[in-house]
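Protein chains in written order, with my numbering: chain E, 101 to 267; chain D, 206 to 559. Worksheet: one structure, shown below.
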C-alpha cells in the first residue's frame, strides 16, 4: 500500500517537475513547481517527518512561491514568443545528464548502507518529530543555527538597503 | 468487529467516512446559511429587513441564489490564460475546506464498543489507550491557509483585466503580511501548551469552568490572531482586494456562474475555518459544562462558539468602514508584528520564572 502510494506521488512529482521546465507560460511553470513541492512534502510525511512537511508547504509553497508569482505578475511576463535558446539547451542538458548520472551512481552504491542513527521511527513517533528537531537544533546544532540566523539577518539588511534609497 | 482491512478494523473506515461527510455537510450548510445570516443581520443593524421574499422571512434565499448562479452563463474572457483561470477558484476553495481535517469538534464518542474521536484526522489507539492526531495540526492549518492566496492571485492575473490584477496584487500583499502576524501571534499559545496538536491544546483548556481558556492567558494574542485572520481572509474592514468602489469586484470581476460561486463559498468557508480555529486555540474548543457525561454536547458547544464568532465577524462588517491600503500595511507590519514579538518575549520571561 505504501509502495503504491509512493509510486503515485512520485509519478505526479516527476510529471510536474518536467512541466516546470517545459511550460511556455511562467505562471504555469510556477504552479507546477508548487505541485512538486507538495509531492516533496508528502515524502516527508511518509518518512515520519510531519514538521518538515508542514514547513515545506508553508515556506516554499506558501511564502517563496507566492513572491515568485507576485514578481511574474508585476513584470507581466506573457507567453514567450517561440525563441530558440539552443546553446543554453545544450549546456543545460549536459549539466542535467551528469547530475542524473551522479545520482544513479549514489543510489546504486548506497543501497546497502542506509544511515542508522539514534532516532528510529518508533522513537520519533513516541516523542514527536517537532520536539526532537527543536531539541537537536537548540542543543547540539546551536552554532549552525545561529550562523544561519546571522546569514538571514544580513540578507534582510541587504534587502532593506537595496530597496530604500534613503534610510 | 472481526473484519480488518489493511490492519485496521472496518469500524475505523466507517467512522472516518462518516466524520468527513458530517463535517463537510456541516461546513457547506453553514456557508450557505452564513450568506443569508449576514444579509439578515446587517439588514437589521442598518434598520432594514434583509431578504424577505423567498420563503418564510427569506429562508430559502441561499437555495435560490445557488440555483441562480448554477444556471448563469459561463464566460471565459478571450484574452485570459485559460488553465490558470479555470484552476483558480478550485485553489481558493479546497484549502478552505481541508483545514477542517485537523480541527477537533468534539470529545471521544463510543459506538458499538469502538471509540471515535470527533476530529477527522485522528484515531483512538486501543493498545496505547489515547487519541493520536496530526501532531503538527496548527502548522498544517497555517500551511493550508497560506495556499489560499494562490487562488486569488491567479484569478487576478489570469483574468487579464486591470481591476482583477489590482485586486490580485492587493490580496497577495495583504495575505503575506497578515499571515506573518497571525503566525507570530499564536506562537505564544504554543509556548503555553508545549504542543502543536490541536486536540491536546483543547484538552489543556478544559477545567475551571472556562477560565483555563487561552483567551484569558493570552488576551493580546487572541485579539491579534482574530484581527489578522480577518485580514487574511479579506473580510471587512480589510476587504481591499474586492473594494467595489475602486475595483468593481476585485480579483473575481471577470468570473461568472459557478466559478464566481466558488470564490464566494471560499470566502465564507474561510470565515468558518478561521472562527473554528480561533475557538480551538483561544475559546476552549468543544469544552463546556457536562461534556464528560454527555459527549455529544461537545459538538454543540463547538458550533455555538463558532457561530458566535461568525456573528462577531458580521457585526464588524456592519460597523466598521474599510481601511486604506497604507493604513492596512502600517497596521500589519509596524503594529501587529512588533507587538506579537514583544508578546512572545514577555510570555517567555513569565514562563521562565513561573
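A virtual CB, placed ideally from N, CA and C, is assigned to each residue, including glycine. All values reported here derive from a predicted model rather than from experimental measurement.
Original post:
Less than 8 Å separating the beta-carbons of residue 285 of chain D and residue 376 of chain D?
Top reply: For the purposes of this step, residue 285 of chain D is identified with residue 80 of the second chain, where counting begins at 1. For the purposes of this step, residue 376 of chain D is identified with residue 171 of the second chain, where counting begins at 1. No, these two residues do not count as a Cβ contact at 8 Å.
Original post:
Can you list the alpha helix (DSSP H) stretches of 4 or more residues lying completely in the stretch 246-271 of chain D, in chain order?
Top reply: Secondary structure in the stretch 246-271 of chain D: no alpha helix (DSSP H) run of 4 residues or longer lies completely within the stretch.
**OP:** Using the DSSP secondary-structure output, state which residues sit across from residue 338 of chain D in a beta bridge.
**Re:** Position 133 of the second chain holds residue 338 of chain D. As DSSP reads the structure, residue 338 of chain D sits in a beta bridge with D:327.
Subject >> Under 7 Å (Cβ pairs) to chain E, residues found in the stretch 288-318 of chain D >> reply: If you check each beta-carbon in the stretch 288-318 of chain D against every beta-carbon of chain E, the ones closer than 7 Å belong to 288, 289.
Subject >> Minimum C-alpha distance to residue 492 of chain D - residue among D:298, D:517, D:436, D:404 >> reply: Counting from one through the second chain, the residue named residue 492 of chain D turns up at place 287. Of D:298, D:517, D:436, D:404, the residue nearest in Cα terms is D:404.
Original post:
To the nearest angstrom, how far is it from the Cα of residue 507 of chain D to the Cα of residue 490 of chain D?
Top reply: If you number the second chain from 1, residue 507 of chain D lands on position 302. If you number the second chain from 1, residue 490 of chain D lands on position 285. Those two C-alpha atoms are separated by around 6 Å.
Original post:
Taking Cβ positions only, does residue 122 of chain E come closer than 8 Å to chain D?
Top reply: Counting from 1 along the first chain, the entry for residue 122 of chain E is found at position 22. No, residue 122 of chain E lies away from the interface with chain D (no Cβ there is under 8 Å from its Cβ).
Original post:
Between the stretch 346-365 of chain D and the stretch 512-529 of chain D, do at least 3 Cβ pairs fall closer than 8 Å?
Top reply: Cβ pair count under 8 Å is below three, so no.
**OP:** Kindly list the residues whose CB is nearer than 6 Å to the CB of residue 321 of chain D, restricted to its own chain and excluding five residues on each side of it in sequence; keep chain order.
**Re:** Here the question's residue 321 of chain D lines up with position 116 in the second chain. Excluding residues within five positions, the ones whose Cβ falls inside 6 Å are 220, 314.
Subject >> Per DSSP, cross-strand counterpart(s) of residue 320 of chain D >> reply: Walking along the second chain from the start, residue 320 of chain D turns up at place 115. As a beta-bridge residue in DSSP terms, residue 320 of chain D pairs with D:315.
Subject >> Alpha-carbon spacing of residue 159 of chain E relative to residue 351 of chain D, whole angstroms >> reply: Working through the first chain from its first residue, we reach residue 159 of chain E at position 59. Working through the second chain from its first residue, we reach residue 351 of chain D at position 146. Spanning the alpha carbons of residue 159 of chain E and residue 351 of chain D requires a straight line of approximately 9 Å.
Original post:
Where do the ends of the alpha helix (DSSP H) carrying residue 464 of chain D lie?
Top reply: Position 259 of the second chain, counting from 1, holds the residue named residue 464 of chain D. If you look at residue 464 of chain D, you'll find it in the alpha helix (DSSP H) that goes 462-487.
Original post:
Taking the Cβ atom as the reference point for each residue, do residue 237 of chain D and residue 267 of chain D lie within a distance shorter than 8 Å?
Top reply: If you number the second chain from 1, residue 237 of chain D lands on position 32. If you number the second chain from 1, residue 267 of chain D lands on position 62. Between residue 237 of chain D and residue 267 of chain D, the CB-CB gap stays under 8 Å.
Original post:
Below 8 Å, can you find three or more Cβ-Cβ pairs linking the stretch 466-478 of chain D to the stretch 413-427 of chain D?
Top reply: With the cut-off at 8 Å, the stretch 466-478 of chain D and the stretch 413-427 of chain D do not touch.
Original post:
Taking three-plus beta-carbon pairs below 8 Å as touching, is the stretch 372-390 of chain D in contact with the stretch 427-435 of chain D?
Top reply: Touching, yes, given that three or more Cβ pairs across the two stretches are closer than 8 Å.
Subject >> Residues near residue 209 of chain E by beta carbon distance below 6 Å, same chain, minus five either side >> reply: On the first chain, residue 209 of chain E is found 109 positions in, with the first residue counted as 1. Here the set comprises nothing.
**OP:** Check residue 206 of chain D in the structure and name its three-state DSSP category.
**Re:** Mapped onto the second chain, residue 206 of chain D falls at position 1. In this prediction, residue 206 of chain D scores a pLDDT of 46, lower than 50, which makes its location untrustworthy; the coordinate-derived value is nonetheless stated afterwards. Note: residue 206 of chain D maps to coil in three-state DSSP.
Subject >> Buried versus exposed, by CB contacts within 10 Å (16 or more), residue 308 of chain D >> reply: Reading the second chain from its first residue, position 103 is the one you call residue 308 of chain D. The Cβ neighbour count for residue 308 of chain D, taken over all protein chains shown within 10 Å, is at least 16; the residue is labelled buried.
**OP:** Report the rounded CA-to-CA distance for residue 110 of chain E versus residue 139 of chain E, giving the unit in angstroms.
**Re:** As a first step, residue 110 of chain E is located in the first chain; it is residue number 10 there, counting from the start. As a first step, residue 139 of chain E is located in the first chain; it is residue number 39 there, counting from the start. Inter-residue distance for residue 110 of chain E and residue 139 of chain E is about 7 Å (C-alpha atoms, whole angstroms).
**OP:** Spell out a yes or no on whether the stretch 254-264 of chain E and the stretch 281-298 of chain D are touching, meaning 3 or more CB-CB pairs, one atom from each, closer than 8 Å.
**Re:** By the Cβ criterion, the stretch 254-264 of chain E is not in contact with the stretch 281-298 of chain D, since fewer than three pairs of Cβ atoms, one from each stretch, lie closer than 8 Å.
**OP:** Take the Cβ of residue 175 of chain E as the centre, count every other Cβ of all protein chains shown within 10 Å, and call the residue buried at 16 or more, exposed below.
**Re:** Numbered from its first residue, the first chain carries residue 175 of chain E at position 75. Under a 10 Å Cβ-count criterion, residue 175 of chain E is classified as exposed, with fewer than 16 other Cβ atoms of the shown protein chains found around its own Cβ.
Original post:
Could you give the uninterrupted runs of the alpha helix (DSSP H) lying entirely in the stretch 149-233 of chain E, keeping only those of 4 residues or more?
Top reply: Taking only runs of at least 4 residues, the alpha helix (DSSP H) segments lying wholly in the stretch 149-233 of chain E are 150-155, 165-175, 186-210, 221-227.
Original post:
Hey, how far is the Cα of residue 206 of chain D from the Cα of residue 319 of chain D?
Top reply: On the second chain, residue 206 of chain D is found 1 positions in, with the first residue counted as 1. On the second chain, residue 319 of chain D is found 114 positions in, with the first residue counted as 1. Any reading at residue 206 of chain D is ruled out, since the residue's pLDDT is 46, under 50, leaving its predicted position unreliable.
**OP:** For residue 158 of chain E, return the contacting residues in chain D, with the cut-off set at a CB-CB distance below 7 Å.
**Re:** Numbered from 1 along the first chain, position 58 holds the residue referred to as residue 158 of chain E. Those within 7 Å of residue 158 of chain E in chain D are 344, 347, 348, 351.
Subject >> Cα-Cα separation between residue 243 of chain E and residue 252 of chain E, rounded to whole angstroms >> reply: As a first step, residue 243 of chain E must be located in the first chain, where it is residue number 143. As a first step, residue 252 of chain E must be located in the first chain, where it is residue number 152. Answer to the nearest angstrom: the Cα atoms are 14 Å apart.
Subject >> Cβ of residue 173 of chain E within 8 Å of any chain D Cβ >> reply: In the first chain, counting from the first residue as 1, residue 173 of chain E sits at position 73. In terms of beta-carbon proximity, residue 173 of chain E lines the interface with chain D, with at least one pair separated by less than 8 Å.
Subject >> Range of the contiguous alpha helix (DSSP H) that encloses residue 128 of chain E >> reply: Position 28 of the first chain holds residue 128 of chain E. 126-146 is the extent of the alpha helix (DSSP H) around residue 128 of chain E.
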